[in-house]
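Asker: Right, I'll just put the structure down here and ask away after.
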Amino acid sequence: MATESSKTSVLGGVDEGHLDLVTSPHSHFGWSTGRIMWTVSAALVPCVATAVWFFGFGVLATIAGAILGAAGTEWLVGRLNRRAETIPDGSAILTGLLLGLVVPPGFSPFMAFIGGVVAVGIGKIAFGGLGDNIFNPALVGRAFLQASFPAQMTDWSHATSRVDAISQATPLGLYKFGDPSQFAGDIATQKLLLGEVGGCIGATSSTAILIGAAILLITRIAHWQIMASMILGGLVFGGIFHVSGIGPSPLFHVLAGGFLFGAVFMATDYVTSPNTPVGMWIYGGGIALLTILIRLFGGLPEGVMYAILLMNATVPLINRHTRPALFGAK
Amino acid sequence: MELFGIFIAAAVINNFVLIQFLGICPFVGVSGKLSSAVSMGMAVTFVMTMASMVTFLIQHYILIPAGIGFLQTVAFILVIASLVQFVEMVIKKVSTGLYRALGIFLPLITTNCAIMGLCLFAVMKDYSFIQTLIFAIGAGAGFTLALVLMAGIREELELADVPETLQGAGITMIVAGILALGFMGFAGMKF
Amino acid sequence: MALRTFRGGVHPHEYKELSENQPLEVMPPPAELYVPFGQHLGKPADPLVKKGTYVRQGQVLAESSGFISAPVHAPVSGTIKKQVKGPVVGGTTADMLLLVPGDPAPPKEGEEAEPVDTTPILLPSLPFDSLTSEQIIERVREAGIVGQGGAAFPTAVKLSPPPDKPIDWMIINGAECEPYLTRDERLMLERTADLVEGIRIIGKALGEGVNLGIGIEENKPEAIAALRRAIADAGVAIEVFELKTKYPQGGEKMLIDAALGRQVPPGALPMEVGCVIQNVGTALAIRDAVLAGEVPRMATLTVSGLGIQQPKNLQVLIGTPLKDVIAFCGGVKDTARRIVVGGPMMGFATYSLDAPVVKATSGILVLTEEEATPAEEQACINCGKCISACPVNLLPTRLVKLAKLQRWEETRDLGIEVCMECGTCAFTCPAHIPLVQYLRLAKKNVRNLPRKEQ
Amino acid sequence: MTALAASILAMGGLGAFFAAALAIADKKLRVEEDPRITLVNDALPGANCGACGYAGCAAFAEGVVQGKAPVNGCPVGGQDCAEDLARIMGVDAGESVRHVARLMCRGAVGVARDKADYVGPSQCAVQDLVSGGSKACEYGCLGGGDCVEVCNFGALEMGEDGLPHVYDDLCTACAACVTACPRDLFELHPVDREFFVFCKSHDDPKTSRAACDAACTGCGICARKSEGAIVVQDGLAVIDYDKLDPSLIPLEKCKTNAIGWLHPEKVPQPVEAGASPAPDGKASS
Amino acid sequence: MAKKQVSIGNEFVKGLWDQNPVLRALLGLCPVLAVTTSAVNGLGMGLATTFVLVCASLIISLARKLIPAQVRIASFIVVIATFVTIVDLTMKAKFPALSKSLGAFIPLIVVNCLILGRQEAFASKNNPFRSLVDALGMGAGFAATLTVLGGIRELLGNRTVFGVQILPDVWEPWIVMILPAGAFLTLGLMLGAANLISRRRERIAVRMARAAALNERTV
């Protein structure tokens, strides 16, 4: 038949009756969830590198413990539920990596492993897995560790350190419980920038964190509004208290402790942050304010983790109240 | 400043729900919808304030002078139950709108241990009348805060793929646990 | 000066280079034409001819069935073989006429040979200088002209705004923001003077005091230059808006926002802010109908994609089956796997190559794995890319989550009805969620919801 | 003794005061409401625990009466309470013939043909939006399992043939599947009804035959002998169950098996044996 | 209500699992969370609650025909409050340590919705013997759940159960388990586990019903 022959010639090797029937659009930006997660992990490499430089290779064991706990839980639960393989999307590994970077150097790898299990098991899978969690899983894991092993989580003496000063208490700890004068002036700022201070594995060097921030901003992965609002909030609120005679300089607030690490890597987590522009500003500012309140008036020297967790809880409310007006609506 | 301290302590640092485990039943039950949560929070705050004042008077002007402190539990619960029922009737009569918003939550409050707990704590801590009042308002605010946060989260979780077995109370407990971890940041806060 | 544009949107790979420099070509009539009754938004036209009738080119095959409807004409002289139900693009099947081009069948033996007129039917041409608004609108209605932008809205309706909505701007949409498509670009280059005439006719139809303009994306500098020249030659006031190359710049509301800074309220038509938008192809069709008396019988379309042998810009008789057009372009390569009618962002994948070209068909794309790999849907990670890209400020991810739970009322409350299915959200989604599909589902169900009590 | 006296006095005083206040309030402030609310409220445990998600038992009762809350929504009361509420609400009042859901399509995998490779979410309602999904027949079952998903009783299961199967004993005729199916393929029928037209296709014979081996082509053979019990409407056989005598239908003439018995293996023998041999034989000769 | 006479045995057993006040009905959660820092505390609280529940149920089912409907709730509360006071005073005198660690939650038994709920739902509608058995079952279910929860938290948080060390010294105690957060998380997971078990049962029931339907069809 004529039509038959014309069909075959028109379609070449393609089979009519088996064309793709698919909804529009027929074009895609090309990014995938996995690519985002792995890029964020890559942005953490400078932090890992500086940690190894300052604290020695021991930190890798701790990080590995956390990753193993997180990814292992993800894998096991997926297996038990006969769900599709979710390890390749990199999110569980990223959670483990983030958790491993926010515990003290010399922290027991086994405890890090427990933290990883809790982070993914309770922080993520209990909520329905990737995308459904309300709280940042890595911080859930860290909060659990902090509450379970308070002594070990504030023990900064295990680092086999290259520089003497950093195996002591953190700058924030010194500020709160020790000698505040030790951290004043330009030398302190310089030390904080380089990372020659005590602190969590990945959070010592502000420079390394800022390199990561640059990667996240250039690839447009992180919402710049969150980073900007949190850092700006830290400077403004810290400044207000500083001017009224309470607390250290605003720059110290931002550079010391986990503030920058939190602003760049924790607060910007897509899943647990608002997705409206106005909401992002409220969220970042809220974290900064809570952090500084806890640092200045609370019983603990550091409060970034609690601040982010608490603001995570408000994200549904923020999203709801900052919905952008429809196009053309007054 | 001292009153402010009492307020913050009751609202945040020793949050009734998340730290002291008072009022868990309505916390689990009514935190499914944000609108209900707001109303419930307001109703609880209102009843807490009323109840704390009345029980303060009863404690200090009837039970203690009469030397019958052991009747505290019976007297308080009687007062609270009657008070709640009375308030409900009044609201129902006065305004249907207000009843819709607040009144329907009132029966739930009778057996809310947050109210009873508040009255007992106020007596235990030997607060003055004004302190009791601030304590009650702070506790109510804290209860509302926890309830509203939880309701927002639960409405969001309705869109999530929460494992079937954890849906409802299970995930509510886990969220509460994580919130409790977060509230630990306020531990030892002093102004 | 910064180029004019709107908030949101995306910039997909253009692929215009495939067909940009191919001049328009007229495809010869195929063996059979399938002419559907419903080629426009609104009720399908009512058939007028019977099986076996000989029809002349331009003869009315089906008449308009209501205010929002359009008549269907014979694209070429031939014999109506029968009425069939056949595949259509973007749906399942529809009623259509099978028309075999050619001379009338010879009379049966013993019957007297009746002389048959085989010349095309032309409407009387109207002199440009004495045109009235009513004349133009009546002619547009009679000719069954529909919008070429995709929705195929009957143009006559658009040209008759109610008296309480004064129009002060008429803008021609030359953005052609869909990747691949180059037919508007070719029309602007090859029929520049006709287009200017068409614009002036539409201006007349809308009455005195209407400002005229045309919006073109900056990636078509030649078209911009050619139009500027033609406008200067004609000595008329038509403003050329140079727009940023961004999808969906060609959406009516986006175009008005970019060109004039006016935002059409949700649920309203452009006339709400005093604007009328017409497509390039529509303007030319109006010009042809008014000045030459011709009804639309050809669709101007781009055949492109990495899977087609020879990308072309074509003028194809309405009713031509897709397979004949593809054959005319040399057939497909073995790597082809999806055939899309329309642009890649809003076009429909077709399941059958027997489906015909209709009045508003703008392109046929043969896509390969490289261009359109169907990826597996992953979990939403709330990245918000769909939200920042959505040109009408919706929250696509939330709407889709609600749609999956069949919570239609809430999708309505979040404004789902303003969604124009432009596909921007699904284009940016890193989790490859078929957002548009779910949004369509929600829109459909929202339409079925009982009216909201006031 | 003073303590005892004081206790009695204090508690008695308090009790009397509140009792009086409440009694007066009850008289003065009473508000009329739907009597069923009171009935439902009385049937509830009254724990006011809020576990149902409502603000206490009265609110839940109101929800039940307004049809917003399910009768089995009280976790404290359990099954007994649910049954009481159902009785008050008259939910299962009808003592009519038990109905079950039946799927009116036999276009299983391999029987019905595909027109394209559909890529996307498998749910029928979603699939149906993209040019009707992969199935060639635009009336047939898409096999996405929307019906299985909505069935709360486990009465539906997706078979290996790509069609949902009904477990009669578990089906409550709640009609959830009827609503869920975008192609309206489910119908509720008396549980012992065995004879159906398993097709909804209105296509012309050529199209429907091309799309599916089990399609009703509207040929009308079944209609001719059925004495009006079967008529062909718009290309599809439709049964009038009031007039139906299956023994009259020349089933062996239905080439596509679109019309016939639900369970061919347990066709009611007595009917065939007793009533049909003679007419059947004549009909087929 | 009286149409279906449940056997006395079932009346008791249902409280242990099918209608377990904590895991299935989510009643009385405040003490469940607050006092279960150790197995002993859990057991103590469970027994105290059971005592009040049993006594109140007995009294109320005896007096059920005397109490007018309008004031029944108030009457229930007074009866319950009386027994709570008895328990409170007794514990203060006999078990001062336990009483101290349970704190305000002993007087708060009065507002435990489990107790009031059983009075409304059961004791006020059934004879004393049935009510007694029901209360015992519910109380036992409550006490058992509290003890298990307390045991888990004590084990992980303190290495011990009922004060006896179980886990080796190498095990770093998880302090979070005896903090509020640990209570919420453990109860959440326990609820999940309970649901998992009952879902599995339901699924098996459906599967069996389907199998039965298939058999019937082929027969």
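Note that the protein sequences, when read in sequence, are chains A, B, C, D and E. Remember, our numbering sits 7 above the position in the first sequence when you count from 1. Remember, our numbering sits 219 above the position in the second sequence when you count from 1. Numbering follows our numbering, in which position 124 of the third sequence is assigned residue number 107; successive positions increment by one, without gaps. Remember, our numbering sits 16 above the position in the fourth sequence when you count from 1. Remember, our numbering sits 6 above the position in the fifth sequence when you count from 1. Yeah, the Cβ is synthetic: ideal placement off N, Cα and C, and Gly gets one too.
Is the Cβ of E17 of chain E closer than 8 Å to any Cβ of chain A?
Answerer: no
Asker: Thinking just about the alpha-carbon of each residue, which of A:I247, A:L297, A:T275 is nearest to the one in V219 of chain A?
Answerer: Note that residue 219 of chain A corresponds to Gly in the displayed sequence, not to Val. Looking at the Cα atoms, A:T275 is the closest of the given residues.
Asker: Counting pairs of beta carbons, one from the region 77 to 91 of chain A and one from the region 42 to 50 of chain A, are three or more of them closer than 8 Å?
Answerer: no
Asker: Please confirm if S301 of chain B has its CB atom under 8 Å from at least one CB of chain D.
Answerer: yes
Asker: Helix, strand or coil, according to DSSP, for E95 of chain C in the structure here?
Answerer: coil
Asker: Between S39 of chain A and chain C, is any beta-carbon pair separated by less than 8 Å?
Answerer: yes
Asker: Check W277 of chain D in the structure and name its three-state DSSP category.
Answerer: strand
Asker: Give the straight-line distance between the Cα atoms of G123 of chain D and V67 of chain C, rounded to the nearest whole angstrom.
Answerer: 24 Å
Asker: Measuring only between beta-carbons, confirm whether E242 of chain D sits less than 8 Å from chain A.
Answerer: A small fix is needed here, since residue 242 of chain D is Ser in this sequence, not Glu. Output row for S242 of chain D: interface = no.
Asker: Is the region 405 to 416 of chain C touching the region 25 to 37 of chain D, taking contact as three or more C-beta pairs under 8 Å?
Answerer: no
Asker: Between A:F134, A:F156, A:G205, which has its C-alpha nearest G180 of chain A's C-alpha?
Answerer: Among A:F134, A:F156, A:G205, the Cα nearest to that of G180 of chain A is on A:G205.
Asker: Could you tell me the alpha carbon to alpha carbon distance between K426 of chain C and F57 of chain E, rounded to whole angstroms?
Answerer: One C-alpha to the other measures close to 59 Å.
Asker: Compare the C-beta of P53 of chain A against all C-beta atoms of chain C and say whether one is closer than 8 Å.
Answerer: no
Asker: Under 8 Å by Cβ, that's how I've got V308 of chain C and L350 of chain C pegged, so tell me the actual separation to the nearest angstrom.
Answerer: Between L350 of chain C and V308 of chain C the Cβ distance is about 16 Å, and since that is not below 8 Å, they are no contact.
Asker: Classify K64 of chain C as helix, strand or coil using the three-state DSSP reduction.
Answerer: K64 of chain C carries a strand assignment under DSSP once its states are collapsed to helix, strand and coil.
Asker: Figure out for me which residue from E:G50, E:A40, E:R30, E:R136 has the closest Cα to the Cα of L385 of chain B.
Answerer: E:R30
Asker: What are the residues of the region 354 to 382 of chain B that lie near chain C, defined by any Cβ-Cβ distance shorter than 9 Å?
Answerer: E377, L378, A379, D380
Asker: Taking the Cβ atom as the reference point for each residue, do A145 of chain A and M273 of chain A lie within a distance shorter than 8 Å?
Answerer: It is a contact, given that the beta carbons lie within the stated cut-off.
Asker: Going by the beta-carbon positions, is the gap between P113 of chain E and V84 of chain E smaller than 8 Å?
Answerer: no
Asker: Between I129 of chain A and chain F, is there a C-beta pair that is closer than 8 Å?
Answerer: In the displayed structure, chain F is absent; the protein chains listed are A, B, C, D and E.
Asker: When you compare the CB positions of A241 of chain C and F410 of chain C, do they come within less than 8 Å of one another, or not?
Answerer: no
Asker: Using a C-beta to C-beta distance shorter than 8 Å, which residues of chain C count as neighbours of L145 of chain D?
Answerer: Correct list: Q420, R423, L424, K427.
Asker: E154 of chain D versus chain C: which residues are under 8 Å apart at the beta carbon?
Answerer: Per Cβ cutoff of 8 Å: T75, T76.
Asker: Is the Cβ-Cβ distance between V247 of chain B and G359 of chain B less than 8 Å?
Answerer: Cβ distance not < 8 Å, so V247 of chain B and G359 of chain B don't count as in contact.
Asker: If I measure Cβ to Cβ from A226 of chain D and keep anything under 8 Å in the same chain, skipping five residues before and after, which residues do I get?
Answerer: Excluding its 5 nearest sequence neighbours in each direction, A226 of chain D has C-beta neighbours in its own chain below 8 Å: R129, A152, listed in chain order.
Asker: Run down chain A in chain order and give the residues with a C-beta less than 7 Å from the C-beta of Y134 of chain D.
Answerer: Simply L28.
Asker: Taking W82 of chain A as part of the alpha helix (DSSP H), name the residues at either end of that continuous run.
Answerer: First-last of the alpha helix (DSSP H) with W82 of chain A: 65 to 87.
Asker: Would S251 of chain A be called buried (16 or more neighbouring beta carbons within 10 Å of its own) or exposed?
Answerer: Classification of S251 of chain A: exposed, given that the 10 Å Cβ count is below 16.
Asker: Give me whichever residues DSSP pairs with D276 of chain A in a beta bridge.
Answerer: BP columns for D276 of chain A are empty, so no partner.
Asker: Would you kindly work out how many angstroms separate the C-alpha atoms of K387 of chain C and P198 of chain D, rounded to a whole number?
Answerer: 15 Å
Asker: Can you tell me where the alpha helix (DSSP H) with S147 of chain D in it begins and where it stops?
Answerer: Taken as a continuous stretch (DSSP letters only), S147 of chain D belongs to no alpha helix (DSSP H), as it is neither H nor E.
Asker: Among C:V341, C:A176, C:G326, which one has its Cα closest to the Cα of P70 of chain C?
Answerer: Across the set C:V341, C:A176, C:G326, the C-alpha of C:V341 shows the shortest separation from the C-alpha of P70 of chain C.
Asker: Between the region 376 to 392 of chain B and the region 187 to 203 of chain E, do at least 3 Cβ pairs fall closer than 8 Å?
Answerer: yes
Asker: Which residue's Cα is closest to the Cα of I253 of chain A: A:V322, A:F62, A:G76, A:Y182?
Answerer: A:Y182
Asker: For S2 of chain C, does the three-state DSSP call read helix, strand or coil?
Answerer: coil
Asker: Determine whether the Cβ of K409 of chain B lies closer than 8 Å to any Cβ atom of chain A.
Answerer: yes
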